[in-house]
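J.:
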Amino acid sequence: CVLCGRTDDCPEKYGEKSTYVGYNLTVHYYCLLMSSGIWQRGKEDEGVYGFLITDIRKEVNRAAKLKCNICKKKGASIGCVAPKCKRSYHFPCGIQKECIFQFMEDFRSYCWEHKPVQKFSVKESRESSQCIICLELVEHLPLYSVLKSPCCRNAWFHRECLQYHALSAGVFFFRCSVCNNKDTFQKEMLRMGIHIPEKDASWELEENAYQELLQCYQHCDVRRCLCKKGRDYNEPDSKWEIKRCQCCGSRGTHLACSSMKSWEQNWECVECRSIFAKSGKYSKQQKRSLANSEKAGGTTCLLEEPSPKCPRPSSGSQHGFLLQSPKIMCQSNVTPCSRLEFPASNRMTMSLSPRMANGSLSLRKKCLRQQRREVSNILKELKLQVNTKTTRLNINTENIWKSALKGFRQRSFSPTNAIEIKFTGCRNRLERETSDGSKYRFFKLLMLNLQNSSLFEGSSVKNLTLDSQALKENLYFEAGRMIAVSLVHGGPSLGFFSKTLFDCLVYGPENVKPALEDVADVGVAQTIKTIKYSNSLSSLQSTVHDCYEFLAAAGCLRPVTTLCDKNMLVNDLLIYHVIKRIISPLESFRQGLKTLGVLEKMQTHPDAFSSIFCREPERLSAETLCDLFTIHCSSDINKVEGADFWMGYLQDVESGESVVTLEDILLFATGCSSVPPIGFDPEPTVKFLPVKYPVGNKLHNCLELPLTNTYEQFKNKMEFTIRNTLKVERE
Numbered sequence: 001c002v003l004c005g006r007t008d009d010c011p012e013k014y015g016e017k018s019t020y021v022g023y024n025l026t027v028h029y030y031c032l033l034m035s036s037g038i039w040q041r042g043k044e045d046e047g048v049y050g051f052l053i054t055d056i057r058k059e060v061n062r063a064a065k066l067k068c069n070i071c072k073k074k075g076a077s078i079g080c081v082a083p084k085c086k087r088s089y090h091f092p093c094g095i096q097k098e099c100i101f102q103f104m105e106d107f108r109s110y111c112w113e114h115k116p117v118q119k120f121s122v123k124e125s126r127e128s129s130q131c132i133i134c135l136e137l138v139e140h141l142p143l144y145s146v147l148k149s150p151c152c153r154n155a156w157f158h159r160e161c162l163q164y165h166a167l168s169a170g171v172f173f174f175r176c177s178v179c180n181n182k183d184t185f186q187k188e189m190l191r192m193g194i195h196i197p198e199k200d201a202s203w204e205l206e207e208n209a210y211q212e213l214l215q216c217y218q219h220c221d222v223r224r225c226l227c228k229k230g231r232d233y234n235e236p237d238s239k240w241e242i243k244r245c246q247c248c249g250s251r252g253t254h255l256a257c258s259s260m261k262s263w264e265q266n267w268e269c270v271e272c273r274s275i276f277a278k279s280g281k282y283s284k285q286q287k288r289s290l291a292n293s294e295k296a297g298g299t300t301c302l303l304e305e306p307s308p309k310c311p312r313p314s315s316g317s318q319h320g321f322l323l324q325s326p327k328i329m330c331q332s333n334v335t336p337c338s339r340l341e342f343p344a345s346n347r348m349t350m351s352l353s354p355r356m357a358n359g360s361l362s363l364r365k366k367c368l369r370q371q372r373r374e375v376s377n378i379l380k381e382l383k384l385q386v387n388t389k390t391t392r393l394n395i396n397t398e399n400i401w402k403s404a405l406k407g408f409r410q411r412s413f414s415p416t417n418a419i420e421i422k423f424t425g426c427r428n429r430l431e432r433e434t435s436d437g438s439k440y441r442f443f444k445l446l447m448l449n450l451q452n453s454s455l456f457e458g459s460s461v462k463n464l465t466l467d468s469q470a471l472k473e474n475l476y477f478e479a480g481r482m483i484a485v486s487l488v489h490g491g492p493s494l495g496f497f498s499k500t501l502f503d504c505l506v507y508g509p510e511n512v513k514p515a516l517e518d519v520a521d522v523g524v525a526q527t528i529k530t531i532k533y534s535n536s537l538s539s540l541q542s543t544v545h546d547c548y549e550f551l552a553a554a555g556c557l558r559p560v561t562t563l564c565d566k567n568m569l570v571n572d573l574l575i576y577h578v579i580k581r582i583i584s585p586l587e588s589f590r591q592g593l594k595t596l597g598v599l600e601k602m603q604t605h606p607d608a609f610s611s612i613f614c615r616e617p618e619r620l621s622a623e624t625l626c627d628l629f630t631i632h633c634s635s636d637i638n639k640v641e642g643a644d645f646w647m648g649y650l651q652d653v654e655s656g657e658s659v660v661t662l663e664d665i666l667l668f669a670t671g672c673s674s675v676p677p678i679g680f681d682p683e684p685t686v687k688f689l690p691v692k693y694p695v696g697n698k699l700h701n702c703l704e705l706p707l708t709n710t711y712e713q714f715k716n717k718m719e720f721t722i723r724n725t726l727k728v729e730r731e
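Under UniProt numbering, residue 731 is the last one in the sequence shown; the count climbs by one each step, no gaps.
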């Protein structure tokens with residue numbers, strides 16, 4: 001640079017460095033602006049930013065006679081404007097010495113002794129708080145590197161953070177991050193030497209930044225699209241024309257796939273109809289939704305498809321429970337047996353539980369099961385991205401989180417690779433070897449570690465917390481990525497997310513209204529509760545006065561003139577403490593959840609995914625296991641008695657007449673103590689073979705059971721094998 005003599009190219013500090021070969025001239029923009037003996041006498045397209053070349057030459061000659069009071073070299077083109085102050089310096093030297101350069105009006109400069117300062121009260125100088133931008137600690141001291149907001153009492157910034165923000169936001173969007181004040185805030189920041197460029201915000205200047213908003217959604221979302229040319233095929237004025245949801249516009253269907261006629265222009269998707277139903281505003285219409293399409297011409301709407309595993313039980317049937325599971329396969333013809341006549345058995349005269357005898361569940365449980373079936377199908381679709389290439393993770397059982405983090409960050413790790421787990425650091429040699437159920441166990445332990453980590457707060461249900469160190473180390477992103485990978489690779493349900501956290505991820509934080517129960521800090525919750533339950537204006541004003549600093553820190557100070565003002569105040573406090581405070585961790589966490597397309601599916605199917613994020617897995621029942629396992633039997637009808645023993649044993653276990661649990665049986669057979677959201681691959685099976693004791697083949701999710709003469713022999717062998725096998729594994 002001809003003015004400061006430095007070769008640095010740092011636009012954030014010195015402005016853009018421009019070289020003009022024709023004039024043999026290189027100059028920093030800020031050096032030019034702040035030089036004391038030069039003015040813009042030309043138009044914007046003349047010379048250099050409106051500075052004429054002849055004027056720049058004259059200024060260089062003038063500065064060559066002045067010595068910098070900081071580096072002692074000549075060429076100091078900037079002088080302090082304070083009366084009687086004779087100090088001169090280069091622009092970079094002035095930055096280094098903490099001089100103030102005002103990028104407004106006459107572009108004045110002040111040396112380190114005469115620079116303007118912000119006034120702090122004695123009380124403020126003893127405290128510290130977080131920088132509103134980077135969330136790191138800011139000491140309340142009259143330092144060059146610290147700036148205080150003129151419009152908010154407790155809003156503090158690092159100078160460097162604020163300068164980067166100003167360069168990005170530009171003059172039209174640069175404002176106080178807490179209260180959105182623009183005029184007062186900009187005036188004070190200009191006085192304190194923050195450069196606010198006269199340009200639009202950087203996010204507005206990005207080419208095609210909002211291009212996706214100009215695109216119409218054209219995709220058929222019916223589970224089984226009937227169009228042979230694919231889900232994205234759209235032929236106007238035909239049965240293959242795609243109609244979008246008239247409410248949200250983000251779901252679509254071919255006319256034929258939803259049994260609609262071409263003249264029907266209006267259609268609502270399942271999600272919008274459910275919202276209307278919950279709000280009580282929905283009324284039956286002639287137009288059919290995706291969920292309510294009936295069979296027409298051989299087509300069926302499949303978003304609400306009934307499960308083939310839950311046929312209607314025969315009323316009055318003596319074998320109602322057995323007939324409820326159609327998954328008994330004969331090996332000779334490998335087709336489902338339409339009706340099996342089981343031999344009379346003492347075990348089948350036992351009384352069945354009312355829940356099974358009725359063969360029906362509450363509407364709520366049916367809905368939950370339907371949602372989880374939908375999640376399973378979605379996750380299986382996402383799993384198609386996973387290839388055959390394998391990545392091995394060496395997991396130390398004594399520090400699951402640290403070793404998992406190391407594995408996920410290794411260069412060879414890819415979410416689309418198959419994952420193989422090898423546990424290390426175990427006393428038992430068998431435990432160190434890679435087992436078939438080790439992947440599920442690893443993900444289960446990892447999710448438990450996440451649930452109890454410093455990234456989440458709350459007792460039974462969790463919200464994200466603000467951990468600046470974790471944010472700095474990008475742990476929120478890694479946590480989101482681990483959850484996404486776990487779900488697609490066969491990990492367990494989570495079940496610990498609060499509804500507020502889930503809604504923030506799916507709908508965006510700006511569309512969520514938090515509740516008092518979401519505040520984890522007991523002191524903060526008590527303060528908000530005191531404001532909420534104030535029963536008179538005087539008590540409310542007294543509470544607000546006592547909590548002045550608390551309200552100021554949250555940026556929620558407002559005049560209280562009526563008792564109704566407390567509702568808005570409480571709402572502001574909840575939004576700040578539950579949502580605004582954790583915006584950065586939330587965004588990082590969301591980016592992690594985008595791995596393998598999980599977040600996108602969550603946003604498309606929020607009700608379904610809520611069942612695995614916000615609810616504990618459904619407790620196993622005999623009916624669930626009976627429905628889960630397909631029974632393979634010989635064509636010899638006598639061997640079907642084994643199936644009789646198996647189902648009877650499940651009932652005994654459920655009623656507590658056994659030393660093992662249903663979870664133990666599933667763990668013995670598959671290596672999983674609960675059904676993963678994605679389901680099992682391959683499907684679990686039961687085989688009756690001439691073996692002495694039961695065998696759990698976790699590789700194929702197959703339970704090989706012995707053929708016995710009596711039920712007591714069958715039960716004793718099951719309990720002896722399962723109890724001792726799991727005992728050895730746990731030890």
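Where a beta carbon is used, it is the ideal one built from N, C-alpha and C, also for glycine.
Check for me: the alpha helix (DSSP H) holding residue 408 runs from which residue to which?
T.: Numbered from 1 along the sequence shown, position 408 holds the residue referred to as residue 408. Residues 400-409.
J.: Please return the same chain residues whose Cβ sits closer than 6 Å to the Cβ of residue 493, not counting the five positions on each side in sequence.
T.: For this step, residue 493 is matched to residue 493 along the sequence shown. Taken in chain order, the residues that qualify are 612, 617 and 677.
J.: Hey, is residue 8's beta-carbon within less than 7 Å of any beta-carbon in chain C?
T.: The chain inventory of the structure shown lacks chain C, comprising one protein chain alone.
J.: With burial defined as no fewer than 16 other Cβ atoms inside 10 Å of the residue's Cβ, what is the status of residue 590: buried or exposed?
T.: Residue numbering aside, residue 590 sits at position 590 when the sequence shown is read from its first letter. It counts as buried.
J.: Is it right to say residue 172 is buried, meaning 16 or more other beta carbons lie within 10 angstroms of its own, or is it exposed?
T.: Taking the sequence shown and counting its residues from 1, the one referred to as residue 172 is at position 172. Exposed, by the Cβ-count rule.
J.: If you count every other CB in all the chains shown that lies within 10 Å of the CB of residue 142, and 16 or more means buried, which is it?
T.: Here the question's residue 142 lines up with position 142 in the sequence shown. So residue 142 ends up on the exposed side.
J.: Return the Cβ separation of residue 447 and residue 506 in integer angstroms, given the expectation that the two are a contact with Cβ distance under 8 Å.
T.: For the purposes of this step, residue 447 is taken as the residue at position 447 of the sequence shown. For the purposes of this step, residue 506 is taken as the residue at position 506 of the sequence shown. Actually they do not touch by this definition, with Cβ atoms about 19 Å apart.
J.: Which whole-angstrom value is the C-beta distance of residue 17 and residue 95, which I expect to be below 8 Å?
T.: As a position in the sequence shown, residue 17 is number 17, starting the count at 1. As a position in the sequence shown, residue 95 is number 95, starting the count at 1. Residue 17 to residue 95, Cβ: 15 Å. No contact.
J.: Please state whether DSSP places residue 211 in a helix, a strand or coil.
T.: In the sequence shown, the residue the question calls residue 211 occupies position 211. Looking at residue 211 - three-state DSSP - the assignment turns out to be helix.
J.: List the whole-angstrom C-beta distance separating residue 103 from residue 167, where the pair is believed to meet the contact cut-off of C-beta under 8 Å.
T.: Counted from its first residue, the sequence shown places residue 103 at position 103. Counted from its first residue, the sequence shown places residue 167 at position 167. Actually they are not in contact, since the Cβ atoms of residue 103 and residue 167 sit about 11 Å apart, beyond 8 Å.
J.: When DSSP labels each residue in this structure, what does residue 258 get in the three-state scheme?
T.: Taking the first residue of the sequence shown as 1, we reach residue 258 at position 258. Reduced to three states, the DSSP call for residue 258 is helix.
J.: Using 8 Å as the cut-off, can you tell me whether the stretch 518-538 makes contact with the stretch 570-578, which would need three or more C-beta pairs spanning the two stretches below that distance?
T.: A contact exists between the stretch 518-538 and the stretch 570-578.
J.: Give the straight-line distance between the Cα atoms of residue 585 and residue 498, rounded to the nearest whole angstrom.
T.: Counting from one through the sequence shown, the residue named residue 585 turns up at place 585. Counting from one through the sequence shown, the residue named residue 498 turns up at place 498. Straight-line Cα distance between these residues: approximately 16 Å.
J.: Mapping DSSP to helix, strand and coil, what is residue 604?
T.: For this step, residue 604 is matched to residue 604 along the sequence shown. Of the three classes helix, strand and coil, the one that applies to residue 604 here is helix, per DSSP.
J.: Considering only the alpha carbon of each residue, which of 119, 130 and 85 lies closest to residue 111?
T.: Taking the first residue of the sequence shown as position 1, residue 111 is located at position 111. Out of 119, 130 and 85, 85 has the C-alpha closest to the C-alpha of residue 111.
J.: Tell me whether residue 669 sits in a helix, a strand or coil according to DSSP, three-state version.
T.: In the sequence shown, counting from the first residue as 1, residue 669 sits at position 669. DSSP places residue 669 in helix when its eight states are reduced to three.
J.: Measure the beta-carbon distance from residue 420 to residue 397 and round it to whole angstroms, keeping in mind my assumption that it falls under 8 Å.
T.: The count along the sequence shown starts at 1 and reaches residue 420 at position 420. The count along the sequence shown starts at 1 and reaches residue 397 at position 397. Not confirmed; about 16 Å, so no contact.
J.: Quick one: what's got a C-beta closer than 6 Å to residue 441's C-beta in the same chain, skipping five residues either side?
T.: As a working note, residue 441 is residue 441 in the sequence shown. There are no such residues.
J.: Distance, Cα to Cα, residue 54 vs residue 61?
T.: Along the sequence shown, read from residue 1 onward, the residue named residue 54 stands at position 54. Along the sequence shown, read from residue 1 onward, the residue named residue 61 stands at position 61. The alpha-carbon atoms of residue 54 and residue 61 are separated by roughly 11 Å.
J.: Does the stretch 87-101 come close enough to the stretch 62-73 that 3 or more CB-CB pairs lie under 8 Å?
T.: Counting Cβ pairs under 8 Å, three or more are found: they touch.
J.: Any contact between the stretch 244-257 and the stretch 265-272? By contact I mean 3 or more CB pairs, one from each, below 8 Å.
T.: Touching, yes.
J.: For residue 188, is the classification buried or exposed, using 16 other Cβ atoms within 10 angstroms of its Cβ as the cut-off for buried?
T.: Translated into positions along the sequence shown, residue 188 becomes position 188. Buried: at least 16 other Cβ atoms inside 10 Å.
J.: Taking the alpha-carbon positions, what's the residue 725 to residue 480 distance?
T.: In the sequence shown, counting from the first residue as 1, residue 725 sits at position 725. In the sequence shown, counting from the first residue as 1, residue 480 sits at position 480. Approximately 35 Å, taken between the alpha carbons.
J.: Under the rule that 16 or more other beta-carbon atoms within 10 Å means buried, what is residue 344, buried or exposed?
T.: What you label residue 344 is simply residue 344 of the sequence shown in a count that begins at 1. Bear in mind that a pLDDT of 36 at residue 344, under 50, signals an unreliable position, so the model cannot answer this.
J.: Helix, strand or coil: how does DSSP classify residue 170 here?
T.: Here residue 170 is taken as the residue at index 170 of the sequence shown, counted from 1. Of the three classes helix, strand and coil, the one that applies to residue 170 here is helix, per DSSP.
J.: Quick one, which of 213, 257 and 211 has its alpha-carbon nearest residue 227's?
T.: Residue mapping note: residue 227 aligns to position 227 of the sequence shown, counting from 1. Ranking the options by Cα distance to residue 227, first place goes to 257.
J.: Keeping to the same chain, check which residues put their C-beta closer than 8 Å to that of residue 241; ignore five residues upstream and five downstream.
T.: Residue mapping note: residue 241 aligns to position 241 of the sequence shown, counting from 1. Closer than 8 Å at the Cβ level, and outside the excluded window around residue 241, lie 234, 235, 254, 255 and 262.
J.: What ranges does the beta strand (DSSP E) occupy inside the UniProt domain "PHD-type" (1-115), keeping only unbroken runs of at least 3 residues that lie completely in it?
T.: Taking only runs of at least 3 residues, the beta strand (DSSP E) segments lying wholly in the UniProt domain "PHD-type" (1-115) are 17-20 and 25-28.
J.: Nearest to residue 154 by alpha carbon, out of 136, 132 and 405?
T.: For the purposes of this step, residue 154 is identified with residue 154 of the sequence shown, where counting begins at 1. The option with the nearest alpha carbon to residue 154 is 132.
J.: For residue 418, list the residues DSSP reports as bridge partners.
T.: For the purposes of this step, residue 418 is taken as the residue at position 418 of the sequence shown. Answer by DSSP bridge pairing, in chain order: 390.
J.: Note the first and the last residue of the continuous beta strand (DSSP E) segment covering residue 685.
T.: In the sequence shown, counting from the first residue as 1, residue 685 sits at position 685. From DSSP, the beta strand (DSSP E) with residue 685 extends over 685-689.
J.: Can you give me the start and stop residues for the alpha helix (DSSP H) that residue 737 sits inside?
T.: Past the edges of the chain, shown from 1 to 731, lies residue 737, and the structure says nothing about it.
J.: Which class does residue 148 belong to by DSSP, given the choice of helix, strand or coil?
T.: For the purposes of this step, residue 148 is taken as residue 148 along the sequence shown, with counting starting at 1. Here residue 148 sits in strand by DSSP.
J.: Going by CA-CA distance only, name the one from 488, 378 and 394 that's closest to residue 387.
T.: Residue 387 sits at position 387 when you count from the first residue of the sequence shown. Ranking the options by Cα distance to residue 387, first place goes to 488.
J.: The alpha helix (DSSP H) with residue 571 in it runs from where to where?
T.: Here residue 571 refers to the residue found at position 571 of the sequence shown. Unbroken alpha helix (DSSP H) run through residue 571: 565-574.
J.: Hey, could you find the ends of the beta strand (DSSP E) residue 242 is sitting in?
T.: On the sequence shown, position 242 is the one that residue 242 refers to. 242-244 is the extent of the beta strand (DSSP E) around residue 242.
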